[in-house]
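>
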Amino acid sequence: MMANHKSTIQLTVELDENRVPENLHWTAEDGGITNEEAKAMMLSVWDSKAQESLRIDLWTKDMPVDEMKVFFHQTLVAMSDTFKRATQDEKMTATMKDFCDYFAEKLELNKK
Numbered sequence: 002m003m004a005n006h007k008s009t010i011q012l013t014v015e016l017d018e019n020r021v022p023e024n025l026h027w028t029a030e031d032g033g034i035t036n037e038e039a040k041a042m043m044l045s046v047w048d049s050k051a052q053e054s055l056r057i058d059l060w061t062k063d064m065p066v067d068e069m070k071v072f073f074h075q076t077l078v079a080m081s082d083t084f085k086r087a088t089q090d091e092k093m094t095a096t097m098k099d100f101c102d103y104f105a106e107k108l109e110l111n112k113k
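Heads up: the sequence shown runs through residues 2 to 113, numbered per the numbering used here.
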């Protein structure tokens, strides 16, 4: 019988004296990522016992607002794709994609 493989994803957050993130780095060796810099991250974990999601949302103090808007848009699009893969709910996925288009339009993200 083959042993189960374990994979580790490591997040490193460097804080300033006020506990505001200055640097974010992540490592996922199975994915070929080693100590890669990031300016923002969102992590959601499902707590099955409490039936609620737990989140960590961090961004560095030098994360530009225009990049944060793009980050949010791309995250919403990715969540729509994940929702479709997880539920096969085509109708709600289309509704979510419509919202993503609306979000991009209102932030004028498509004009760049």
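All residues carry an ideal CB built from backbone N, CA and C; glycine is no exception.
(1) With 16 as the cutoff for other CB atoms within 10 Å, does A105 come out buried or exposed?
(2) Rounded to whole angstroms, what's the CA-CA distance from K70 to L108? Just pull it up for me.
(3) If I measure Cβ to Cβ from M1 and keep anything under 8 angstroms in the same chain, skipping five residues before and after, which residues do I get?
(4) Look at the alpha carbon of Q89 and the alpha carbon of N19, and state the distance between them as a whole number of angstroms.
(5) Nearest CA to the CA of L16: which residue from T61, D67, E53?
(6) Just verifying my parser: in three-state terms, what is the DSSP assignment at D48?
(7) Assign L25 to buried or exposed, taking buried as 16 or more other Cβ atoms, counted over all protein chains shown, within 10 Å of its Cβ.
(8) Given a threshold of 16 other Cβ atoms within 10 Å of its Cβ, counted over all protein chains shown, does P65 qualify as buried or as exposed?
On the basis of the supplied data:
(1) When all chains shown are included, A105 counts as buried.
(2) If you draw a straight line from the Cα of K70 to the Cα of L108, it is about 8 angstroms long.
(3) Outside the shown range of the chain, which is 2 to 113, sits residue 1, and nothing can be said about it.
(4) Using only the alpha carbons, I get a separation of about 44 angstroms.
(5) Out of T61, D67, E53, the CA that lies nearest to the CA of L16 is found in T61.
(6) It is a strand residue.
(7) It is buried - the Cβ of L25 has at least 16 other Cβ atoms within 10 Å.
(8) The C-beta of P65 has fewer than 16 other C-beta atoms within 10 Å across all chains shown, which makes the residue exposed.
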